Amino acid sequence: MMKPSTERDYRRRIARVVEAILLEPGARHTLDSLAAVAHMSPYHFHRIYRALMGESVVDTVKRLRLAEAAQRLTDAAQVTAVAHDAGYDSPQAFARAFRDFTGVSPSEFRARQGHLVGSPAASALPSVEVAELAPLEVLCLRHDGPVGTIGQTFRTLMTALRCDEDALLQQRVGICSRDATFSGAFCYQAGIVAGSQAALGHALERLDEAAQRSGVAGPPPRIEPLRLAGGLYAVHRLVGPYALISPTFRALYSGWLPRSGYRRDQRPGLELYRSAPDRGARHPCVTDLLIPICEDSP
1 MMKPSTERDY
11 RRRIARVVEA
21 ILLEPGARHT
31 LDSLAAVAHM
41 SPYHFHRIYR
51 ALMGESVVDT
61 VKRLRLAEAA
71 QRLTDAAQVT
81 AVAHDAGYDS
91 PQAFARAFRD
101 FTGVSPSEFR
111 ARQGHLVGSP
121 AASALPSVEV
131 AELAPLEVLC
141 LRHDGPVGTI
151 GQTFRTLMTA
161 LRCDEDALLQ
171 QRVGICSRDA
181 TFSGAFCYQA
191 GIVAGSQAAL
201 GHALERLDEA
211 AQRSGVAGPP
221 PRIEPLRLAG
231 GLYAVHRLVG
241 PYALISPTFR
251 ALYSGWLPRS
261 GYRRDQRPGL
271 ELYRSAPDRG
281 ARHPCVTDLL
291 IPICEDSP
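Take 1 as the starting number for the sequence shown in full-length UniProt numbering and just add one per residue.
Following this line, the structure appears as structure tokens:
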């Protein structure tokens, strides 16, 4: 097991690598070129990257390319242009990779997103439900770095809370809110829902004990309890890879919401992860996307 300071250093290096891929997802990234970004030898980089990210750097490049492609298809870009910009030699090769990634062809995905964006009324979109959500008690950790490393933040949080030992600390939630410190920026927090006040209290006690064993008074400052207000939410269930969360939210906000008779209020948007964290690649992920809403004023 590596020292915490060493792991933090490695995570910062990996974040730089993911940012480099996100900057140019269609570029010809290689193990050597990305290892250079991390200032590691290719062998060491490959081993550390897989250990911390849970996938190879080749898998990350492919995932981020296809995630960017999904964003562009949501914006109604042509499939041929998207395939070329994603670094694929032919539309056919791109279509095979995209279907393996999402379960649908690029044209089917483009049409589905177009339906979300262009629906003339809320009633024409049965995949969105309006539901009342009870308040949630959450322990959360702010995510720092590119979206491609959000999984690392969840793993850090779950390890610190020892979620594998507590059946009441299994529900993961992503919390998306406006960042008051930067105009137009957003804050993402990885959260674990406490099934009860008792579970919340026990989790905080374990954090405090762990901090005391490490010689630091009080619970680790980055993990904080948060009460998410309940209320009315528009709920869309997404079945597919987590990389589709962003383009699907974009389609819902730009298409469904303006035509729905509702408006967004100031509560954060939520991502409720319904699949187990270690779900195999052959099983689709299930995520409920929640937009906080209230009745639109006449």
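For glycine and all other residues, C-beta sits at the position ideal for the given N, C-alpha and C. Since this is a predicted model, take the numbers as computed values, not measurements.
In the DSSP assignment, Ser127 forms no beta bridge with any residue. Unbroken beta strand (DSSP E) runs of no fewer than 3 residues, entirely contained in the UniProt domain "HTH araC/xylS-type" (12-112), are not found. Leaving aside the five residues that flank Gln189 on each side, the residues in its chain whose CB is nearer than 6 Å to its CB run, in chain order, Cys140, Arg142, Ile175. The residue from Pro225, Val61, Arg96 with its alpha-carbon nearest to that of Gly148 is Val61. For Ala194, no beta strand (DSSP E) run applies, since DSSP gives it neither H nor E. Here Pro135 has Arg227, Leu228, Ala229, Gly230 as same chain residues with Cβ atoms under 7 Å from its own Cβ, once five neighbours each way along the sequence are excluded. In this model, Ala194 and Leu169 are separated by some 5 Å (Cα to Cα).
Judged by beta-carbon spacing, Pro146 lies beyond the 8 Å limit of Leu257, meaning their Cβ atoms are not closer than that value. Exclusion of the five residues before and after Leu232 leaves Val130, Glu132, Ile293, Cys294 as the residues of its chain whose Cβ lies within less than 7 Å of its Cβ. One alpha carbon belongs to Ala38, the other to Ala15, and they sit about 9 Å apart. Only residues of its own chain outside the window of five on either side were considered, and among them Leu31, Asp32, Ala35 have a CB closer than 7 Å to the CB of Pro42, listed in chain order. A straight-line Cα-Cα distance of about 12 Å links Met40 and Asp9. The three-state secondary structure of His115, taken from DSSP, is helix. Shown here for Tyr88: same chain residues with a beta carbon closer than 6 Å to its own, the five before and five after excluded, namely Phe94 in chain order.
With distances taken between CA atoms, Thr159 lies nearest to Ala203 out of Ala203, Ala199, Phe249, Ala198. The DSSP-derived three-state label of Cys294 is strand.
Our two residues, Ser127 and His236, have alpha carbons roughly 6 Å apart in a direct line.
Contact between the region 93-108 and the region 63-74 is established, with three or more Cβ pairs separated by less than 8 Å.
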